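For the sequence shown, counting from 1, position 163 maps to 163 in the UniProt record's numbering; every step adds exactly one. Glycine included, each C-beta is placed from N, C-alpha and C at the ideal position. For clarity, every value in this text was computed on a predicted model and none was experimentally measured.
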Amino acid sequence: MIGKTREYPKEIMILETIVRRFPPDDFRKAEFEKKLYRKRAGYKGEKTLDYFLAQIDHSEMLILHDLRIPINSTHFQIDTLLITINFLLIIDSKNYTGTLIFLPEFNQLIRILNDIEEVFPDPILQTKIQASQLKTFLEKHHLTPSPIEYLVAISNTQALIKNPTNDKEVSYRVFRSSNVAFKLPPFYQKHTQPRLSKNDMKKIARHLVKAHEPFVPDPKSMNLPFDNMVQGVQCPACEAFGMDYHQGKWTCISCGHKSADAHIQALRDYFLIYGPSITSKQFREFMNVGSPSTAKRLLSSMDLTFDGTTKGRTYFPEKNFFD
């Protein structure tokens, strides 16, 4: 069963908003576009692994997706954790393109793409470290010890995987996501003795889910041109900014498309960039709405909580506002 689902990362939501509203003539926009591309690719690779995991029988295991666990003064992350009665299995997903050359002697992964060589950290070593950190976490919380295994899943079907030294560890630990069902039996053959009861499995899952701290970057630390970010409501049809609100509808000044709720995405953008609250005045300025009564009506119609009197009211998003 699934003990923790994979949610769309808040970090990607924030980067999407930044790219969408970054001043188009500012050269720094390209940096955020590149970072967003990498994060989206990583998430796509994780979802690819999830797809193939969903096809196997996991009635006798617990699957936790996307964990970020505090340890000392930092955190360690696990893309996917399988908890069985015999062992725990960490699977780290990589969505690299190009030719991937594993060089474990130097703990390196060489990626060749468009005749350009890049050096990446060894993902096998990364998952090995994650296994060690997970072991430390479990011991600290006096949880039943169990063997911890680890694998590296290559999700991009176009990647060419090479193991030039025929290293056994690379062959054993690295696989294509589509092959996940066939990577599990060897671990059951290796670890034949049950170590955990069903209650132990659930207890480990509860502790990890409770400890999970999702990464949410602070836009204020990104040196953004806040005063020059694009404001207004974006047209869901042509993606132009500057929709006008009249008689209960937003109308795009570029293509004429009409929408009743285009302001909801604009408000999500505001919360993601500028912070967790908004006043009626800030709403009017950001949405280019002139009427205070219209702003109040729109704010009251959404899934928001508020604090303060009617005149000085501040609005906050509910937890599911970004779903």
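Buried is the label assigned to residue 235, since at least 16 other Cβ atoms lie within 10 Å of its Cβ.
Around the beta carbon of residue 100, a 10 Å sphere encloses 16 or more other beta carbons of the protein chains shown; the residue is thus reported as buried.
In terms of Cβ geometry, residue 201 and residue 69 do not form a close pair [threshold 7 Å].
Residue 255 is not a Cβ neighbour of residue 243, given a cutoff of 7 Å. In the same chain as residue 238, and ignoring 5 residues on each side of it, the C-beta atoms closer than 8 Å to its own belong to 252, 254, 255, 257, in chain order.
Of all alpha-carbon atoms in 86, 91, 147, the one lying nearest the alpha-carbon of residue 79 is that of 91.
In the DSSP annotation of this structure, the continuous segment of the beta strand (DSSP E) that includes residue 175 starts and ends at 174-176. Residue pairing by DSSP places residue 247 opposite no residue, since no beta bridge is assigned to it.
Residue 293: member of the alpha helix (DSSP H) spanning 292-300, first to last residue. Contiguous beta strand (DSSP E) elements confined to the segment 58-140 occur at 62-71, 74-83, 88-94, 99-103, 108-113, 116-121, taking only those with 3 or more residues. Nearest to residue 119 by alpha-carbon distance, out of 98, 170, 135, is 98. No Cβ-Cβ contact shorter than 7 Å links residue 147 with residue 76.
Bounds of any beta strand (DSSP E) do not take in residue 42; it lies within the alpha helix (DSSP H) bounded by 29-53. Assignment of residue 265 by DSSP, reduced to helix, strand and coil, places it in the helix class. If you look at residue 233, you'll find it isn't in any alpha helix (DSSP H); DSSP assigns it neither H nor E.
Secondary structure of residue 303 (DSSP, three-state): coil.
In terms of Cβ geometry, residue 259 and residue 52 do not form a close pair [threshold 7 Å].
Nearest to residue 295 by alpha-carbon distance, out of 165, 280, 302, 113, is 280. Rounded to the nearest angstrom, the gap between the Cα atoms of residue 73 and residue 203 is 24 Å. The alpha-carbon of residue 3 is positioned some 42 Å away from that of residue 24. Closest in alpha carbon position to residue 301, among 267, 127, 227, 141, is 267. The Cβ neighbour count for residue 312, taken over all protein chains shown within 10 Å, is under 16; the residue is labelled exposed. One thing to note: residue 263 has its Cβ within 7 Å of the Cβ of residue 298. Within its own chain, the residues whose Cβ lies closer than 7 Å to the Cβ of residue 95, once the five positions on either side in sequence are excluded, are 41, 42, 44, 45, 155, 156, listed in chain order. Rounded to whole angstroms, the gap between the alpha carbons of residue 163 and residue 35 is 29 Å. In the DSSP annotation of this structure, the continuous segment of the beta strand (DSSP E) that includes residue 317 starts and ends at 314-317.
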